[in-house]
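Just so you know, the sequences run in chain order F and X. Residues in the first sequence are numbered consecutively from 62, following the working numbering. Residues in the second sequence are numbered consecutively from 269, following the working numbering. Where a beta carbon is used, it is the ideal one built from N, C-alpha and C, also for glycine. Since the structure is predicted, the reported quantities are computational estimates derived from the model, not experimental observations.
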Amino acid sequence: MVYFIAKRLVQSVFVMLAVAFLAFSLFRFVGDPITQMTGVETSVQDQERLREDLGLNDPFIYQFARFTGDMLKGDFGFSYRTRQPVAEMIATRIPATLELGIVALLISLFVGIPAGVYTALRPRGIATQTILMLTLVGVSIPTFVIGIILIFFFGVQLGWLPTFGRGGTVNLGGWETSFLTVDGWRALILPAITLGVYQLTLTMRLVRAEMMDVMQSDYIRFATARGVPMRRLYFKHALANTMVPVITIIGLQFGGVIAFSIVTESVFQWPGMGLLFLESIRFVDIPVMGVYLVVIAFFFVLVNLIVDLLYVFIDPRLRIKDVS
Amino acid sequence: MRRGYGKSFVLGGALSLAALGVQAESFNWASTTDPQTMDPHAVNSAPVLSFLNNIYEGLVRRGQDMSIEPSLATSWVPLEGENGWRFNLRQGVTFQDGAAFTAADVMFSYERASNEAADVRSWFAPVTEVRVVDDFTIDFVTSAPNPLFPSSIANFMILDADWATSNDAALPARDAENFATLNVNGTGPFTVASRDPGVKTVLTPNANWWDEAAHNVTEATFTPIGNSATGLAALLSGDIDFIQPIPLQDVEQVESREGFNVLEGEETRVIMFGFGHEHDTLLYSNDVTDVNPFQDPRVRLAAAHAIDMASIDRVLFRGKIEAANQLVPAGISGYSEANQSRPDYNPDRAKELLAEAGYPDGFSFGLKCTNDRYINDEALCRAAASMFAAVGLNADLSTGPVRDYWPQLREDDFDMYLLGWSPGTFDMEHPVRFLLHTQDDEARLGSWNFGNYSNARVDELLPLIQQEIDPAARQAMIDEIVAITQEEVAYIPLYTQPLIWAAKDNIKLTQRADNFFMLRWVTVN
């Protein structure tokens, strides 16, 4: 097990290097950092001097080597735009993104799984048809439109919830959390729903399909014949067997939720990593963009690892294989 | 059905407004860009200078109508026997940390701001020496007579020498941040109570400010909101009191609701088309490849006659723009009253001119535009391209974000391009120096003259208008420059960009033409 985890972590370093390389080869097409860093009155010589100082005239491979070399030493560099240390900038934005992603995930699970089970067991009910229709709508509308609709309905028209930002946060040893204040929770609701809608529909449809499949299987019929209580049958025997594919997909999706919270963060001015990345693109802030992409790659690797480990706990058969 | 919906929307807005009206004098505002730094010498950009003008002050400052008025200097007079200015400084002023303001701080700030590490050093290019005469008198010596100098340093903000040196911030941050990137200590009306870059900055009034406060704000919170729909929702929901700017298409939405005001004005930014004067051939033409027709002034004039400004104003800008005839709008010092006409919309004349120039069937060329820099820039270029096409000028339009745009223009990758210019000094000399003078990197002239328009007489007049003290003689020279560049159609000035801000109607504020937002003129009722 330890060997397995170690192997995956070593692999993750290569994934991150590959991402950094791809990112760096694309940065030259993003634009010119110097014109974004200086005012209109700055002379051409001063711009050139700055370009030289920042090493932007060096060949691409040098710049890439310097970036990765510094990162391996733990030096993440400084933002072109704000001059802050990049590590600190990203670190202060991680809690916002993670909390948003986790709440979105929880919403999708706590609504998606019961809804999936229900719609599988009552495939012809009116409620099922309504739920299926709503989820179809939910999955078809782009995230930013959902966000804007929610903002205008709950924020502007009804005035119940804040339209942007994180509201009140509490600093827990460097981790800014929204979870400890009412304001923080109020601010979290709309963005979490916006981010979670796609996940929710996916989870629900997946659970439904798997559940319907499992309900047809022999052991369920046998258990039914034996007179196992329905509740126990549905939730212990049937649902547990649907969980392996569901966890795989949800796990892989969670990486995506973190990475693609960019849109939701932009619509809600949510101060997470995604928003920081968007601002960095606008200013061609190469150090921040580079580190962000590497961090996101790391998240993906980590989430996949966790998914692999979860299998073992859910499916006893895998434990036996693992020993070999 | 529809009507009912609209009403409930208004009601919802009014209710939430009433609920928030309780917090009397705290003020929340939003803008699209967060100031990158709190260091007044590190970045010469409008979001930074506009924000820091609430905290730091210069020797002079601009009033509500952009006029220059005393600030940390109470008066200034030309030096006797040499070129330059003597500034008499205000006594009894203290920085926000309590330190006294003296000429040593001005000297220190000058050295800091003119250092290579500072982005604002171009302001001090004419300065040869600075001398502290006594604690409250300082001389700026310039290489030539420089009547514009006092007004050109309105954004030169003064730091406390001891504070900066004792906190290792003697120079603006180049690589890593330093103390002055995040902390402030100015003499101005507000100070920073807390700052979370990119998220939120809270300002509180400076109780010891030397000037009488005209505002009634007790706490001001700034939030950058990049997404315009989010910004609008934040205003309409009452979460913020004021936002700058709002998109043109949202004006009706805001105006139609109770409790909100749209503030409209003219920015000083003139939007124009420029040409590749220096290019011998067109880069993006599929019919004329051996010459550059735009080198012929008749062709440039034809392009100007093809533009229907009235339609652009009506369709794209809802009647909110003012057509421009020169590189600065009326009201800017040096504006040439003598040359106020612009080529009218006359497609027949345009076709005649093209035929005279040898292109009776027109030709194709490349037009470069931004799509995120100026209001409706992409739509403007599409409209212009179809107007050009109507007279036979077939523009191959390519648009892109501004972060990629200036490098393309610097590499001469265009046949015609879009440019907006706001005269940083609020004087006609500014666009002459940057847009009309022949490119000369050594002398730092013509740095934004991408097509390298070049006229010996204009080049000759620039230093003269920089030095001329007599206003009438100076204006005569500027009139000559404007006449020459209109005659030669160096650029096609299109219009002055509108300024559109929106606020709750209990907020009184001043919209200055440089798009700076000054908290010291805000009253919350």
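{"Check": "Cβ-Cβ distance between Gln630 (chain X) and Asn662 (chain X) below 9 Å", "Outcome": "Checking the displayed sequence, the identity of residue 630 (chain X) turns out to be Gly instead of Gln. It is a contact, given that the beta carbons lie within the stated cut-off."}
{"Check": "Residues of its chain near Arg380 (chain X), where Cβ-Cβ distance is below 8 Å and the 5 sequence neighbours each way are ignored", "Outcome": "His309, Ala386, Leu427, Ala432, Ala438, Leu439, Pro440"}
{"Check": "Through-space distance from Glu113 (chain F) to Ser343 (chain X), alpha-carbon basis", "Outcome": "42 Å"}
{"Check": "Nearest neighbour of Ser601 (chain X), chosen from X:Asp672, X:Ala744, X:Val398 [CA to CA]", "Outcome": "X:Ala744"}
{"Check": "Identity of the residue in X:Trp674, X:Tyr613, X:Thr305 nearest Asn446 (chain X) by Cα", "Outcome": "X:Thr305"}
{"Check": "Cross-strand partners of Thr449 (chain X) (DSSP beta bridge)", "Outcome": "BP columns for Thr449 (chain X) are empty, so no partner."}
{"Check": "Touching by the beta-carbon criterion (3+ pairs, under 8 Å), the stretch 397 to 411 of chain X and the stretch 364 to 371 of chain X", "Outcome": "yes"}
{"Check": "DSSP beta-bridge partners of Ser632 (chain X)", "Outcome": "X:Asn662"}
{"Check": "Three CB pairs or more closer than 8 Å across the stretch 759 to 775 of chain X and the stretch 727 to 738 of chain X", "Outcome": "no"}
{"Check": "Local conformation of Pro515 (chain X) per DSSP, three classes", "Outcome": "coil"}
{"Check": "Under the three-state DSSP convention, the category Trp344 (chain X) falls into", "Outcome": "strand"}
{"Check": "Members of the stretch 211 to 225 of chain F that neighbour chain X once the beta carbon cut-off is set at 7 Å", "Outcome": "Ile212, Phe213, Gly216, Val217, Gln218, Leu219, Gly220, Pro223, Thr224, Phe225"}
{"Check": "Sequence-distant residues of the same chain with beta carbon closer than 7 Å to Asp773 (chain X), five excluded per side", "Outcome": "Gly527, Phe528, Asn529"}
{"Check": "CB contact check: Ala781 (chain X) to chain F, cutoff 9 Å", "Outcome": "no"}
{"Check": "Element boundaries [alpha helix (DSSP H), containing Asn302 (chain F)]", "Outcome": "300 to 320"}
{"Check": "Cβ of Leu193 (chain F) within 9 Å of any chain X Cβ", "Outcome": "no"}
{"Check": "Tyr295 (chain F) - DSSP class collapsed to helix/strand/coil", "Outcome": "helix"}
{"Check": "Counterpart residues of Lys68 (chain F) in DSSP-defined beta bridges", "Outcome": "Paired residue(s): none; Lys68 (chain F) is not in a bridge."}
{"Check": "C-beta atoms of Gly257 (chain F) and Ser140 (chain F) nearer than 9 Å", "Outcome": "no"}
{"Check": "Under 9 Å from the C-beta of Gln124 (chain F): neighbouring residues of chain X", "Outcome": "Residues of chain X passing the Cβ test: none, with the nearest at roughly 15 Å."}
{"Check": "Under 9 Å between C-beta atoms of Asp509 (chain X) and Val792 (chain X)", "Outcome": "yes"}
{"Check": "Residue interval of the alpha helix (DSSP H) (run including Trp674 (chain X))", "Outcome": "673 to 678"}
{"Check": "C-alpha gap between Arg110 (chain F) and Thr99 (chain F), whole angstroms", "Outcome": "12 Å"}
{"Check": "Beta-carbon proximity list for Tyr378 (chain X), same chain, < 6 Å, skipping 5 on both sides", "Outcome": "Val398"}
{"Check": "Contacts of Pro142 (chain F) in chain X (Cβ-Cβ under 8 Å)", "Outcome": "Sequence check: residue 142 (chain F) is Arg here, not Pro. Under the 8 Å cutoff, chain X gives Gln304."}
{"Check": "First and last residue of the uninterrupted beta strand (DSSP E) at Tyr763 (chain X)", "Outcome": "759 to 772"}
{"Check": "Proximity of Met540 (chain X) and Trp689 (chain X) at Cβ, strictly below 9 Å", "Outcome": "yes"}
{"Check": "Euclidean distance between Cα positions of Pro515 (chain X) and Leu371 (chain F)", "Outcome": "49 Å"}
{"Check": "Pro156 (chain F) versus F:Phe205, F:Leu233, F:Glu340, residue with shortest Cα-Cα distance", "Outcome": "F:Leu233"}
{"Check": "Cβ neighbour criterion (16 or more within 10 Å) applied to Asp302 (chain X)", "Outcome": "buried"}
{"Check": "Cβ-based burial, Gln359 (chain X) [other Cβ within 10 Å; buried from 16]", "Outcome": "exposed"}
{"Check": "Option nearest Pro175 (chain F) by Cα separation, candidates F:Phe296, F:Ala165, F:Phe214, F:Met132", "Outcome": "F:Phe296"}
{"Check": "Sub-9 Å separation of Gly326 (chain X) and Asn423 (chain X) beta-carbons", "Outcome": "yes"}
{"Check": "Supposed close pair Gly634 (chain X), Tyr552 (chain X) - CB separation, criterion 8 Å", "Outcome": "3 Å"}
{"Check": "Simplified DSSP assignment, three categories, for Thr486 (chain X)", "Outcome": "coil"}
{"Check": "Opening and closing residue of the beta strand (DSSP E) in which Ala357 (chain X) lies", "Outcome": "Residue 357 (chain X) is actually Leu in this sequence, not Ala. Unbroken beta strand (DSSP E) run through Leu357 (chain X): 352 to 357."}
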